[in-house]
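Reading through the structure tokens given below for one structure.
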Amino acid sequence: STMELRDGTQGGTRPVKHFYDPSNPDIRRNPYPIYEHIRTREPVHYNPILQAWMVFGYEQAQAMLKNSNASSRRAELLAKKVPAAVRDKAKTFTQTANDMLLFLDPPEHRRKRHLTARPFSMRMVRRLEPTIRDMVDKALKRIADQGRFDMVHDLALPLPLGVIGAMLGVPESDRHTLKTFSEAMSLMVNHPKPSAEMVVQGSEGMEALFAYFRDLIAERRRQPQSDLISEWIKVEEQGDLLSAQEVLVNGCLLLFAGHETTTNLLGTGLYNLLRHGEQLQRLREEPNLIESAVEEMLRFESPVQMVTRIARADFVASGKQINRGDPIFVVLGSANRDRRHFNDPERFDITRRDSRHLAFGYGEHFCLGSGLARLEAKIVFEQLLEFFPSLSLAADQMEWKPDIMNRGLLSLPIAFETH
Ligand code: HEM
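So that you can map any letter, position 138 of the sequence shown is 140 in my numbering, and since no number is skipped, the others follow by simple counting.
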């Protein structure tokens, strides 16, 4: 279907011939052509299938994420996804979403973020570096021993969970329990239309996580250690402590926000290095390009493709009338390929300078874990290239996750040689 739509910001009237259809498998494999098609015609666009506004342009994405009418209080959108039959079972989920940093607006957001972020400093992250190096080293040795390597299963999935566990102060022996619960929770939260079964399992997972963190918090109250849970318990600002409930919710939030995102960065990051062999070669020759290489991985295949907001009032954006209650999807993965902002954006170029991509978001909710995610990726790719003198893709066709919000590979089989 062809629709005539006026494009106020870029001049001229050009028809949007193709819509973004989240159920189309071609789009899931490669969403970038459709992003570009719509972005160059109508950077703020109403999608009739999602029944939501989608923001495709870089400038427009920044503006939307700075717009106080675009609210993060979107827990009710999450609640709406839950099938009526199991709404009761999902109470923990629908109620606590309201307490998470990600789903709050200022001024409440600012207070909580400040308290949460203080112990989550670069100092804390750097203290984790030897632990991360050790975890990666052990994983690589295991891979060499078993003679088979799947980047997603052997490294990208377990590492971020181990790191968050270590940071929070979860003992190693309990981390597999965390994994089961957090996966069930993420599936429920990220799925556009979760089944009753997903909701029941996800809610049970979330409740189990809560019970686990409650015990851990009680223990750290009695005997503080040098972990994040102990630090949060100590945090005090103008006599204003983070409540026990907030510490609990923060623990779950880190698992939710920091696990799958980092997994996807590590998986697609390696995939893109291997697909662009000359870039991989360049990185082997100039290891000090590692930091800009990680930034390019984040820009080129942004793990968080979209963040959502909800209009809290009627307002106009890029000439479009947005009504109170309308859902808004800010498509970071499209903004990061906008040729009005990036030179030759379809090129994967690890030497790119001054990228200022939006992969970690923008404004009030800018990712709290960006320093940690960058450090993990740096260590993984440094050690991977050093450990394996030769790496290549061991399959022709990769399978992408059936998720429009998070872009990641289901598996990534790798052929390798050791020294
Ligand atoms: C927020 C991306 C890793 C913790 C965000 C947001 C994005 C993002 C786009 C903003 C969401 C919004 O505006 O609605 C990523 C990516 C990661 C990553 C791409 C990995 C490559 C992590 C890690 C942690 C973390 C490792 C912690 C262990 C958080 C938290 C927030 C957040 C707590 C909420 C901040 C707030 O609402 O004020 N992240 N993230 N993230 N991220 Fe990350």
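Note that the Cβ used here is the ideal one computed from N, Cα and C, for glycine as well. For clarity, every value in this text was computed on a predicted model and none was experimentally measured.
Within the stretch 331-391, the complete alpha helix (DSSP H) segments of 4 residues or longer fall at 334-337, 372-389, listed in chain order. For the pair of segments examined, the stretch 170-185 was found to touch the stretch 203-210: the number of CB pairs separated by less than 8 Å reaches three. Closest by C-alpha distance to Trp55, out of Asn252, Pro226, Gln323, is Gln323. Per DSSP, reduced to three states, the secondary structure at Ile324 is strand. Short of 6 Å from the beta carbon of Ser232, and not among the five residues preceding or following it, lie these beta carbons of its own chain, in chain order: Arg222, Pro226.
Taking the Cα positions, Gly327 is about 40 Å away from Leu414. Judged by the Cβ position, Ile166 qualifies as a neighbour of the ligand HEM at the 8 Å threshold, a heavy atom of the ligand being closer than this. Pro162 sits in a helix when the DSSP states are folded into three classes.
The beta carbon of Leu79 sits closer than 8 Å to the beta carbons of Thr310, Ile312, Pro329 from its chain, once the five residues preceding and following it are set aside; these are given in chain order. Distances taken from the Cβ of Val154 to the heavy atoms of the ligand HEM include none shorter than 8 Å.
In the structure shown, Ile416 falls within a strand segment according to DSSP collapsed to helix, strand and coil. Taking Gly164 as the centre and dropping the five residues before and after it, the same chain places the C-beta of Met137, Arg177 closer than 7 Å to its C-beta, in chain order. DSSP places Arg89 in the coil class of the three-state scheme, outside both helix and strand.
In this structure, Gly171 lies away from Ser188, with their beta-carbon atoms at least 9 Å apart.
DSSP places Tyr22 in the coil class of the three-state scheme, outside both helix and strand. Close CB contacts of Cys369 within its chain, under the 7 Å cut and outside five residues either way in sequence, are with Phe362, Gly363 (chain order). Selection Thr263, Glu248, Arg144, Arg112 evaluated against Ser184 yields Thr263 as nearest (Cα-Cα).
Look at Phe122 here: in three-state DSSP terms it is coil, with no helix or strand label. Apart from the 5 residues on each side of it in sequence, Val88 sits with its Cβ closer than 6 Å to the Cβ of Ala198, Val201, Val202 in its chain, given in chain order. Ile166 counts as buried, since at least 16 other C-beta atoms from the protein chains shown sit within 10 angstroms of its C-beta. DSSP lists Phe331 as the bridge partner or partners of Thr310. If only uninterrupted beta strand (DSSP E) runs of at least 3 residues are considered, those enclosed by the stretch 36-80 are 46-49, 54-57. By the Cβ criterion, the stretch 399-412 is in contact with the stretch 291-311, since at least three pairs of Cβ atoms, one from each stretch, lie closer than 8 Å.
Close CB contacts of Ala375 within its chain, under the 6 Å cut and outside five residues either way in sequence, are with Thr264 (chain order). Ala337 is positioned such that its CB atom lies no closer than 9 Å to that of Tyr22.
Nearest C-alpha to Met102 among Pro85, Ala77, Lys93: Ala77. Beyond the five residues adjoining it in sequence on each side, Leu285 comes within less than 8 Å, by CB distance, of Leu275, Leu291, Ile292, Ala295, Ile352, Phe383, Leu387 in the same chain, given in chain order.
With 16 or more neighbouring CB atoms inside 10 Å of its own CB, Gln62 falls in the buried class.
Taking 9 Å as the cut-off, the beta carbon of Val333 is found closer than this to the beta carbon of Phe58.
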